[in-house]
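In our numbering, the protein residues as written are 254 to 460.
For each residue, glycine too, the CB sits at the ideal point set by N, CA and C.
Predicted, not measured: the structure shown is a model, and the values here were computed from it.
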């Protein structure tokens with residue numbers, strides 16, 4: 254028994270006073286063998302279960318590491334998505350500002366075009382007024398020429414009646430006298446036409 258061997262028993266009877274001790278020893282040894290056999294029989298499934306538990310623990314640890322790596326990748330992807338969303342928000346804000354500036358520029362351009370149209374209308378009105386003035390001056394020049402011509406003819410006729418003009422054999426041929434009003438009127442019309450044309454050209458250049 255001291256060497257962990259429970260198989261030996263005491264078979265030789267002893268003194269009547271000590272024989273009960275021999276019997277008790279043999280029964281105790283037998284019960285201990287049975288208990289150890291039961292423990293040994295039940296220990297095998299426990300060992301198998303322990304191995305299974307250890308394997309499951311290892312698998313769980315491996316899965317936990319994989320889940321941790323997946324969580325890290327997910328966190329990195331979320332961070333990248335957040336950065337992309339923020340950048341898209343900035344770009345959208347910049348696009349909105351650009352659209353606003355473009356709209357303001359278009360409104361300003363429309364205003365400038367409107368002012369240009371108004372200016373062209375005023376230029377057209379001014380050109381019409383200048384044309385009317387030219388017509389009036391032409392009419393005045395024409396009437397002045399007629400008046401000068403009539404006046405010259407009237408003086409020429411009066412001189413002939415008074416016997417002022419001599420015959421062609423004794424003097425130069427008579428000429429129709431001119432008055433200061435006729436050449437001035439004749440010169441005024443072309444000058445005014447030139448001035449009006451110059452103003453019209455300036456108006457077209459400004460336009």
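Review point. Are residue 279 and residue 262 touching if we call contact CB-CB under 8 angstroms?
Key: Yes, they are a contact pair.
Review point. Mind checking if residue 347 is an interface residue toward chain C, Cβ cutoff 8 angstroms exclusive?
Key: Protein chain content of the structure displayed is limited to a single chain, and chain C is not contained in it.
Point to revise | Straight-line Cα distance separating residue 297 from residue 321 | key: 36 angstroms
Check your understanding: Can you tell me whether DSSP reads residue 292 as helix, strand or coil?
Key -> helix
Point to revise | residue 450 to residue 383 span [Cα, whole Å] | key: Unreliable placement is indicated for residue 450, whose pLDDT of 49 sits below 50; no coordinate value is reported for it.
**Study point:** Assigned secondary structure, residue 261 (DSSP; H/G/I helix, E/B strand, else coil)
**Key:** coil
Review point. To the nearest angstrom, how far is it from the Cα of residue 317 to the Cα of residue 331?
Key: 21 angstroms
Practice item. Check residue 268 in the structure and name its three-state DSSP category. Key: coil
Review point. With burial defined as no fewer than 16 other Cβ atoms inside 10 Å of the residue's Cβ, what is the status of residue 345: buried or exposed?
Key: exposed
**Study point:** Straight-line gap, residue 338 to residue 319 (C-alpha atoms, nearest Å)
**Key:** 28 angstroms
Review point. Which term fits residue 394, buried or exposed, when burial requires 16 or more other beta carbons within 10 angstroms of its beta carbon?
Key: buried
Review point. Around the C-beta of residue 329, are 16 or more other C-beta atoms found within 10 angstroms, so that it is buried, or is it exposed?
Key: Classification for residue 329: exposed.
Check your understanding: Residues in its own chain within less than 8 angstroms of residue 425 by CB, not counting five upstream and five downstream?
Key -> Low confidence applies to residue 425: its pLDDT is 41, below 50, so where it sits in the model is not reliable, and the reading given next is rough at best. Around residue 425: no qualifying Cβ.
Check your understanding: Which term fits residue 287, buried or exposed, when burial requires 16 or more other beta carbons within 10 angstroms of its beta carbon?
Key -> exposed
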